[in-house]
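The structure under discussion appears below in the form of structure tokens.
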Amino acid sequence: MEQFEEKLAGILEVDELNDNDILEEFEEWDSLSILSIIALFNSEFGKTISVADVREAKTIGGLKKLIG
Amino acid sequence: MKFEFDNKRITGVLTVVPHNTVKFDDEISNYNFSEKQSKKLKLIMGYEEKRVAPKGVCSSDLCEYGMNYLFDNNLLKREEIDALILVTQSPDYFMPATSNILHGKLGLKKETFCIDISQGCSGFIIGLIQAFMLLEQKNINKVVLLNADVLSPKVSKRDRNSNPLIGDAASITIVEKSNKNEKIVADINFDGLNALCLNIPAGGFRMPSTMETAIIREDEAGNFRSLDNLVMKGDDVFNFVLNKVPEQIENLLSSNGVTKGEIDYFLCHQPNKFMLQKLADKLTISYEKLPNNIVENFGNASGVTIPTCISFNLNENLLNNEYKVCLSGFGIGLTWASMLINIGNFDFCKIIEY
Chain Z
5 MEQFEEKLAG ILEVDELNDN DILEEFEEWD SLSILSIIAL FNSEFGKTIS
55 VADVREAKTI GGLKKLIG
Chain Y
239 MKFEFDNKRI TGVLTVVPHN TVKFDDEISN YNFSEKQSKK LKLIMGYEEK
289 RVAPKGVCSS DLCEYGMNYL FDNNLLKREE IDALILVTQS PDYFMPATSN
339 ILHGKLGLKK ETFCIDISQG CSGFIIGLIQ AFMLLEQKNI NKVVLLNADV
389 LSPKVSKRDR NSNPLIGDAA SITIVEKSNK NEKIVADINF DGLNALCLNI
439 PAGGFRMPST METAIIREDE AGNFRSLDNL VMKGDDVFNF VLNKVPEQIE
489 NLLSSNGVTK GEIDYFLCHQ PNKFMLQKLA DKLTISYEKL PNNIVENFGN
539 ASGVTIPTCI SFNLNENLLN NEYKVCLSGF GIGLTWASML INIGNFDFCK
589 IIEY
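Read top to bottom, the protein sequences are chains Z and Y.
Mapping the first sequence onto my numbering, position 24 (from 1) lands on 28, and the numbers just tick up by one.
Mapping the second sequence onto my numbering, position 86 (from 1) lands on 324, and the numbers just tick up by one.
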């Protein structure tokens, strides 16, 4: 999980993440960061998630819930 | 479906690319993205420049040019061609078949068997399978496989999903009977329920092109395109590739007792650098063994990317050496196809400009 958070912070180009952070409010939030997150889920957890899943997650905490 | 062939070989590959280059940087202003975002997109996806056919030039024109080059340089004789396979999704007309048009333009003999196959990203492997099946015939000794696509006119210039990567090209692959008893194996799968993940909605019989289908609209990601344009569900295609392709390749290798170490190169369809790096990671093979540099140099010309990868990265090394390779094409259809084959001792292997 720590490694996942570190990579997620890297994609969003921030030093720290909080569960309440809203995805759309990140300065680096765009279709490319969504694709990078989809790829991260596949490589880290072998999990398939869609663009819609990422958008509906809304927050960092919501993204973590997708890990299941 | 699993296929197995023996006593067949590829004896030459020629790739034809248009001389006209379009740079990613010159099209940044088309996209609904900041300059910083576009630079990041370029870096991650490996966009640099692509080859685009001049206005009015069709797939068949690139094929004709390449075939005449082979005739003029004594690398191929008209009368030797027993079958002509054209794999394209950008035919000259709905009817007749474009391979028939080429048959006339190239002055081929009346006995030459001609067929068009409408396939894209997996088109090189599907074409090879068709060529090998034809070579099982007593009277067919040499097959010319043409892969060609000029799809750039169908892509919206304001669609950063597709426009940065789609390029135009054609390739000519000569396939012949061989005395060398080497097994060629392939596996190909189809998922028709997701057939429209990559699609040009209008322009066929289902939805003819009209003034209405030409209207450009914005999608939820800020890309602009009309129903006449190519559209791709990028995330679905990405997930499909990472889930299905490594599994297919691993199974093909293990069921034939071949280890990854024995494969010299994994020569894959080239959608973008990012996807190919993720594919190599998942297969736990190095980026050197799975080249990913075709989109940055030429763009993605659908079924032509594997032959382009062969002629660009292995080129003259294929004249005197032989390699054990895994070919893999995946995408539109959805279709995914992989093949284990030895290639080398070619009569020619190069890229020419139209």
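For every residue, glycine included, the Cβ atom is placed at its ideal position computed from N, Cα and C.
Check	Outcome
9 angstroms Cβ cut-off: residues of chain Z touching Y/G472	S35, L39 and V55
Members of the stretch 519 to 548 of chain Y that neighbour chain Z once the beta carbon cut-off is set at 8 angstroms	D519 and K520
C-beta atoms of Y/V532 and Y/T546 nearer than 7 angstroms	The residue asked about is misnamed: residue 532 of chain Y is Ile in this sequence, not Val. Contact flag set, yes.
Y/K278: first and last residue of the uninterrupted alpha helix (DSSP H) it sits in	E273 to M283
Alpha carbon of Y/I319 to alpha carbon of Z/V55, nearest angstrom	48 angstroms
Cβ of Z/A13 within 7 angstroms of any chain Y Cβ	no
Min CB distance Z/I42 to chain Y below 7 angstroms	yes
Straight-line Cα distance separating Y/T253 from Y/T259	16 angstroms
Proximal residues of chain Z, C-beta to C-beta of Y/K511 below 8 angstroms	Result: empty, since nearest Cβ-Cβ is about 12 angstroms, beyond 8 angstroms.
Distance between Z/G66 and Y/A407 (C-alpha atoms, nearest Å)	44 angstroms
Neighbouring residues, chain Y, relative to Z/T52 (Cβ below 7 angstroms)	N477 and N481
Residue closest to Y/C359, alpha-carbon to alpha-carbon, out of Y/K588, Y/A539, Y/I590 and Y/E554	Y/A539
Expected contact under 8 angstroms - CB spacing of Y/L565 and Y/F362 to nearest Å	7 angstroms
Neighbouring residues, chain Y, relative to Z/N46 (Cβ below 9 angstroms)	F476, N477, L480, N481, K516 and K520
Touch test, the stretch 379 to 391 of chain Y against the stretch 36 to 54 of chain Z, Cβ-Cβ under 8 angstroms, three pairs minimum	no
Y/A459 at chain Z interface by Cβ criterion, 7 angstroms	yes
C-alpha distance - Y/V479 paired with Y/C301, whole-angstrom precision	29 angstroms
Cβ contact check for the stretch 580 to 591 of chain Y and the stretch 552 to 563 of chain Y: 3 or more pairs under 8 angstroms	yes
Assumed close pair Y/W321, Y/T350 - CB separation to whole angstroms, cut-off 8 angstroms	Position check: residue 321 of chain Y holds Ala in this sequence, whereas Trp was assumed. At roughly 6 angstroms, the Cβ-Cβ gap stays under 8 angstroms, so Y/A321 and Y/T350 are in contact.
Secondary structure of Z/G65, DSSP reduced to three states	helix
Under the three-state DSSP convention, the category Y/Y593 falls into	Outside the shown range of chain Y, which is 239 to 592, sits residue 593 of chain Y, and nothing can be said about it.
Terminal residues of the alpha helix (DSSP H) in which Y/L372 lies	G361 to L373
Reduced DSSP secondary structure (H/G/I, E/B, other) of Y/N385	strand
Of the residues Y/E526, Y/K516, Y/I404 and Y/N245, the one placed nearest Y/K376, counting alpha carbons only	Y/N245
CA nearest to the CA of Y/K527, picked from Y/P509, Y/K562 and Y/E287	Y/K562
Any chain Z beta carbon closer than 7 angstroms to Y/Q486	no
Pair within 7 angstroms by beta-carbon distance, Y/S411 and Y/V542	Checking the sequence, you will find Thr at residue 411 of chain Y rather than Ser. No, they are not a contact pair.
Residues bridged to Y/T573 [DSSP beta-bridge criterion]	Y/F428 and Y/G569
Listed by chain order, chain Z residues near Y/I282 by CB distance under 9 angstroms	L36, L39 and S40
Short CB-CB distance (under 7 angstroms) between Y/Q275 and chain Z	yes
Inter-residue spacing [alpha-carbon to alpha-carbon] between Y/N467 and Y/N427	27 angstroms
Cβ-based neighbour list, Y/T573, same chain, cut-off 6 angstroms, excluding 5 preceding and 5 following	S360 and F428
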